[in-house]
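Colleague:
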Amino acid sequence: MQRSNNNRHFVLIVLRVLSVAVSVFFAVNATAKTGEFPLIADGRDLQEELAVVKLNDIIDSIKQQEKIIEMKLQSLARAKTDQEKNKIQDDLSRLADAIHEQESSFELIMTAGLELSNDDTGVSQRFDWKKDLLEIVQPILGELRQLTEKKRKLDFLQKKIDFYNKQIGNINEVLAHISGINKYGLEKSALLEFERIEKKWQDQLQDNNHLLEVAQLQLDEMVKSQSAKEISLGEHIAQFASGRGATLFMAIAAFIAVYFSMLLLLKLLGWVSRQQDDEKRTYYQRIITLFYHFLMGVLAVAAVFYVLNVRNDQALIGITVLLLVSIIWLLKSSIPSFVNELRMLLNTGSVREGECIVYNGIPMRVESLNYYSKLVNPMLPGLELRLTLGELANYISRPYSADQPWFPCRIGDFVKLSDDTFGMVKCITLENIVISAADGLMPRTYSIADFLAANPKNYSQGFTVFSEFGVDYRHQMLATTVIPEILCAGIRQGLLQQPFGSALTDLNVHFAKANVSSLDYQIIAGFDGSAARDYFAIRRALQRYAVEVCNQQQWTIPFTQIVVHQGNNQRIEETSP
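Each residue of the sequence shown is one higher than the one before, counting from 819 in the working numbering.
Next comes the structure, spelled out in C-alpha cells:
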C-alpha cells in the first residue's frame, strides 16, 4: 500500500512538472509571435513552480512519517521485551528528528535562509565580571558572526548536498548488490526478511533523494536571495565611509585634537615660566606636570569613547575596551621599571637634572628629564644625545664643578698624543674622533676610548715649545751671562717678525748643561692657542734664529767630537759635523 502511495506521489510530481513545461512552451510560442522573449522571467516562474512542488512534497513526506510514527507507537505498546522497546524508541527518535528537519527545510525555503536572532538583552542584577566582559565582547562577535553567517550557511548546505550524494551512491551500490542475489531459493520467512531489508534500502534511497532535492532547493534560494542583495565595491566603500569609517575618523580626530591641544598648552605654560624664572623646576612642579600628562591621556581616551558612544557603535567600543585592557595587561610586568622611571621624572632617582653622567667616556650634562631626556656636553655644542628613561636608569649622575673639564678638546683644536701624533681635531662623535693635518688631509680616526687613553694635549689652549742649542767651549767666559741674554733678545726679535709672533707670550733662554763638546742652552717659548697651527714652524724658527744670533756674534757652533785612546797613551781626536 505504501509503495502504491509513493508511485502515485511520483506521478503527481511528473504531471505538475509537465504542466509547467507546457505552460512555458505556450508562453514562449505566444511571445514569439509578438517578437518578445522574456526568458528570464519564465525561468524564474519555473523555479517558483518547482519550489511550490517541493513544498508540497515536504508536507506529504511529513504526513507519511507521522503515519509511520503512529504505527511504531502501536508496535511499542505490543512489545514484550526491552530489546524490542529500545529498537522501536530509537526508530521513533530518528523519525522525530527527520520531521523536525523537514519542517525547518520548509521554513528555510520560504524565507530564503533568513533567520531572526534570539533576544538576549535581559538585564542581570547580580554583578558578574565574566558576564560583563562577554557583554562587551558580544557586539564584536556579533559583527564577525554576521559577516560570516551567509557563507557558513552556504557551506553547511553544500556539505549536506555532498553527504546526500555520497549516501545515494552507497545506497545504489547496496541495491545493486541486493538485486544480484537469487531470492527464488529462499524460504518464506527468509524471503519476507529479504523483502523487508530491500524495501528499507529503497525507502532510504527515496528519503535521501528527497532530502538532496530539498537541500539543493535551499541552496538555490539562498544564492538567488544573496544575488538580489549584492552591491558593488564602490557602494561598499561609500557605506563604510559614511558609517564606521566616519566614526573611526572622528574618534581619531578627537583623540589627536584633545591630546595635542593640551600638549600645546603645556608647552606654552613652560615657555612662560622659563621667561619669568630660569631656576630649576621644583618637586611639586614636577608632580603637577606628571599629573597633567596623565590627564592628557585620560581625556584623549575619554574623547574617543564619547565619539563612539554618540555614534552608537558598540562594536568599536568593545574593540577599544579590549585594546586598552590588552595594553594594561601587557604592561603589568613593567610596573617596577615604571616606578623607577617615575622617580626619575620627579628628579628623585639615580639620575637628576643638572648633573652629569659619563656616556661612552664623554661627560654629558642632563639638560632635561623627560620621556626622552636630553643630554649635552657644554664644550661640544653640536654633541647632543637623547635617551629614554629606561636607558638612563642604568646610569648614576653626580654634581659637577664650574672648572670641570668636559672634554680634552673641541672641533678645530690642535692636539698632540702620547705617540707624538700632532694634528687638528676634524670631527667628534659619541663613538669616534677624527684627527687630520692642518689642511684637513691625512685624517686618522680614533675611538673615544683610544683617544682618551693617548693622553691628548690641547695646544689650542696654549702651549710651550722647548728647543736645545749649543756653542763652543771657547766662549766659556760668556756662557752664563752674556750669551743667554743676547740669544733671548735675538730670537724674540726674529719671532715677532713672523705671522705667529703676536701669539708669543713668553721667551726664555737658560744655560742647561756643559756637554761633552758644547755648552748647551734650552730655549723655552710660550704661545697662546692661536699659534697652535704653526707648531712645527715655531720649532724650526727657534733653531734658525739661534743660528743667526751666533753668526752675528761670531760664536762658534761646535761639532760632535769623539776621543779614542790607544794603547801607547796616544790620543786621536775626531770631529764630526
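Idealized CB from N, CA, C, for every residue including glycine.
In this structure, how does DSSP classify Glu-967 when only helix, strand and coil are distinguished?
Modeller: The answer is helix: DSSP assigns Glu-967 an H, G or I state.
Colleague: Span of the beta strand (DSSP E) holding Ile-1341?
Modeller: That run of the beta strand (DSSP E) goes 1337-1345.
Colleague: Quick check on the DSSP output: what are the complete beta strand (DSSP E) runs of length 3 or more inside the stretch 1275-1309, in order along the chain?
Modeller: Runs found: 1281-1289.
Colleague: Between Glu-888 and Lys-971, what straight-line distance do the alpha-carbon atoms span, to the nearest angstrom?
Modeller: Whole-angstrom Cα-Cα distance: 34 Å.
Colleague: Please name the residue in Leu-1187, Arg-1216 and Arg-1183 whose C-alpha comes closest to that of Glu-1202.
Modeller: Measuring from the Cα of Glu-1202, the nearest candidate turns out to be Arg-1183.
Colleague: Helix, strand or coil, according to DSSP, for Val-1219 in the structure here?
Modeller: According to the sequence shown, residue 1219 is Ser rather than Val. Coil, per DSSP.
Colleague: Can you grab the Cα-Cα spacing for the pair Phe-1123 / Ile-1135, in whole Å?
Modeller: Cα-Cα distance, rounded: 7 Å.
Colleague: Taking 8 Å as the threshold (C-beta atoms), are Leu-1117 and Val-1143 in contact?
Modeller: Cβ atoms of Val-1143 and Leu-1117: not closer than 8 Å.
Colleague: Under 8 Å by Cβ, that's how I've got Ala-897 and Ile-886 pegged, so tell me the actual separation to the nearest angstrom.
Modeller: The Cβ separation is near 16 Å, so there is no contact.
Colleague: Can you tell which of Lys-1331, Glu-1185 and Met-1197 has its C-alpha closest to the C-alpha of Tyr-1291?
Modeller: Among Lys-1331, Glu-1185 and Met-1197, the Cα nearest to that of Tyr-1291 belongs to Lys-1331.
Colleague: Output the boundary residues of the beta strand (DSSP E) element that contains Leu-1360.
Modeller: First-last for Leu-1360: 1353-1371, but that is the alpha helix (DSSP H), not the beta strand (DSSP E).
Colleague: If you count every other CB in all the chains shown that lies within 10 Å of the CB of Ser-922, and 16 or more means buried, which is it?
Modeller: Looking at its Cβ environment, which holds fewer than 16 other Cβ atoms inside 10 Å, Ser-922 is exposed.
Colleague: Arg-1183 lies in the alpha helix (DSSP H); which residues open and close that run?
Modeller: Here Arg-1183 belongs to no alpha helix (DSSP H); instead the beta strand (DSSP E) covers 1180-1186.
Colleague: Just to confirm before moving on: does the CB-CB distance between Arg-1357 and Val-1283 stay below 8 Å?
Modeller: Yes, the Cβ-Cβ distance between Arg-1357 and Val-1283 is below 8 Å.
Colleague: Grouping DSSP H, G and I as helix and E and B as strand, with all else coil, what is Asp-860?
Modeller: Below a pLDDT of 50, predicted positions are generally treated as unreliable, and Asp-860, at 49, falls in that range; the measurement from the model is reported next regardless. Residue state, collapsed to three classes: helix.
Colleague: Along the chain, where does the beta strand (DSSP E) containing Ile-1246 start, and where does it finish?
Modeller: Looking at the DSSP string, the run of the beta strand (DSSP E) that includes Ile-1246 is 1240-1246.
Colleague: Cα-Cα, which of Ile-917, Gln-1036 and Glu-1249 is closest to Val-1176?
Modeller: Residue Glu-1249 is the option with its Cα nearest to Val-1176.
Colleague: Check whether the Cβ atoms of Leu-1023 and Ile-999 sit closer than 8 Å, and answer yes or no.
Modeller: Result no, Cβ atoms of Leu-1023 and Ile-999 do not sit closer than 8 Å.
Colleague: Compare the C-beta of Glu-919 against all C-beta atoms of chain B and say whether one is closer than 8 Å.
Modeller: No chain B appears in the structure shown, which is made up of a single protein chain.
Colleague: Assign Leu-857 to buried or exposed, taking buried as 16 or more other Cβ atoms, counted over all protein chains shown, within 10 Å of its Cβ.
Modeller: Legend: pLDDT at Leu-857 = 37, less than 50; position of this residue unreliable, no value from coordinates given.
Colleague: Does the distance from the CB of Asp-1237 to the CB of Ala-1211 come in under 8 Å?
Modeller: In this structure, Ala-1211 does not lie closer than 8 Å to Asp-1237 by Cβ.
Colleague: Could you spell out the range, first to last residue, of the beta strand (DSSP E) harbouring Gly-1200?
Modeller: 1198-1206 is the extent of the beta strand (DSSP E) around Gly-1200.
Colleague: Comparing C-alpha positions only, which one of Asn-988, Val-1128 and Trp-1373 sits nearest to Met-1295?
Modeller: When each option's Cα is compared against that of Met-1295, the closest is Trp-1373.
Colleague: Given Gln-1316, which residues of its chain have a CB within under 7 Å of its CB, disregarding the five upstream and five downstream residues?
Modeller: Counting only Cβ-Cβ distances below 7 Å, and skipping sequence neighbours, we find Ala-1359.
Colleague: Taking the C-alpha atoms as reference points, what is the distance between Ser-1219 and Leu-1207?
Modeller: Looking at the two C-alpha atoms, the distance is approximately 25 Å.
Colleague: What beta strand (DSSP E) runs, 3 residues minimum, are completely inside the stretch 1083-1151?
Modeller: Here no run is fully enclosed.
Colleague: Tell me which same chain residues have a C-beta within less than 8 Å of the C-beta of Ser-1254, skipping the five on either side of it?
Modeller: Gly-1241, Met-1242, Lys-1244, Met-1260, Pro-1261 and Arg-1262.
Colleague: Closer than 7 Å to a non-hydrogen atom of the ligand FAD - does that hold for the CB of Ala-1321?
Modeller: This structure simply doesn't include the ligand FAD, nor any ligand for that matter.
Colleague: Buried or exposed: Pro-1376, going by 16 or more other Cβ atoms within 10 Å of its Cβ?
Modeller: Buried.
Colleague: So, Ala-1350 versus Tyr-1264, is the Cβ gap smaller than 8 Å?
Modeller: Against a cut-off of 8 Å, the Cβ pair of Tyr-1264 and Ala-1350 comes out as no contact.
Colleague: Pull up the DSSP beta-bridge partners for Ala-995, would you.
Modeller: The sequence shown places His at residue 995, not Ala. Per DSSP, none; premise fails for His-995.
Colleague: Taking C-alpha atoms, which residue in Lys-1006, Asp-980, Ile-1341 and Asn-1026 lies nearest to Asn-990?
Modeller: The candidate whose alpha carbon is nearest that of Asn-990 is Asn-1026.
Colleague: Rank Arg-1099, Leu-1126, Ile-1106 and Ile-1015 by C-alpha distance to the C-alpha of Met-1068 and give the top, closest one.
Modeller: That would be Leu-1126, whose Cα lies nearest to the Cα of Met-1068.
Colleague: If we count the other Cβ atoms within 10 Å of its Cβ and call it buried at 16 or more, is Val-846 buried or exposed?
Modeller: Low confidence applies to Val-846: its pLDDT is 35, below 50, so where it sits in the model is not reliable, and the reading given next is rough at best. Answer is exposed; the Cβ neighbour count stays below 16.
Colleague: I'd like the span of the alpha helix (DSSP H) that includes Ile-1153, first residue to last.
Modeller: Segment 1153-1163, the alpha helix (DSSP H) holding Ile-1153.
Colleague: Can you tell me the Cα-Cα spacing of Glu-1173 and Leu-1087, whole angstroms?
Modeller: Going by the C-alpha atoms only, they are around 25 Å apart.
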